[in-house]
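>
Numbering (UniProt numbering), first residue to last: 1 to 167.
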């Protein structure tokens, strides 16, 4: 299977609770289309965390951009928003960036002229496909595949009244 290099998806949206669940389904569909089914759950949870952080810390009316990029080896997910406050990894953990860190191979943040970008990556190598060619039968299998022999049922002799066993 040959993977087109640098698959890319970009969406701009206003963050709200409803939009987070919609975007989660859209991202899952893209990952299925790219044959990355094993990454759907962790990637969607990571995106959900990042978008929830934007919703919580920047506000409802914030426009943000979510970007997926798959090179055939690495999947990079980034969320850009126009909030000026940089996110922090809290030592108490439990959610937010600590969850993104647990779901990814690497992550980071960077300031932009418009705000900031938070990103994470996952190692996502090209999936291997197995051909569906029929395999030859194993030696000796044909002997066991013979149809069973038909055995005639024993015929019972008729019982008569003169039979000494019945008297």
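Even glycine gets a Cβ: it sits at the ideal position worked out from N, Cα and C. Because the structure is a prediction, the values reported are computed rather than measured.
Label residue 8 either buried or exposed according to how many other C-beta atoms from any shown protein chain fall within 10 Å of its C-beta, with 16 as the threshold for buried.
By 1-based counting over the chain shown, the position of residue 8 is 8. Exposed.
> For residue 136, count neighbouring C-beta atoms within 10 Å of its own C-beta (all shown protein chains included) and say buried if the count is 16 or more, exposed if not.
Translated into the one-based positions of the chain shown, residue 136 becomes position 136. With fewer than 16 Cβ atoms within 10 Å of its Cβ, residue 136 is classed as exposed.
> Mind checking who residue 34 pairs with in its DSSP beta bridge?
Here residue 34 refers to the residue found at position 34 of the chain shown. Residue 34 is not bridged to any residue.
> Nearest-angstrom Cα distance between residue 33 and residue 43?
One-based indexing of the chain shown puts residue 33 at position 33. One-based indexing of the chain shown puts residue 43 at position 43. When rounded, the distance between both Cα atoms is 14 Å.
> When burial is assigned at 16 or more other CB atoms within 10 Å of the CB, is residue 79 buried or exposed?
On the chain shown, position 79 is the one that residue 79 refers to. Under this definition residue 79 is a buried residue.
> Does the distance from the C-beta atom of residue 10 to that of residue 64 stay below 9 Å?
Mapped onto the chain shown, residue 10 falls at position 10. Mapped onto the chain shown, residue 64 falls at position 64. Taking 9 Å as the Cβ cut-off, residue 10 and residue 64 do not qualify as a contacting pair.
> Residue 12 by DSSP, collapsed to three states: which one?
In the chain shown, residue 12 corresponds to position 12, counting from 1. Three-state result, residue 12: strand.
> Determine whether the beta carbon atoms of residue 23 and residue 124 lie at a separation below 9 Å.
As a working note, residue 23 is residue 23 in the chain shown. As a working note, residue 124 is residue 124 in the chain shown. No; because the gap between Cβ atoms is not below 9 Å, this pair is not in contact.
> By DSSP, does residue 63 sit in helix, in strand, or in coil?
The count along the chain shown starts at 1 and reaches residue 63 at position 63. Strand, per DSSP.
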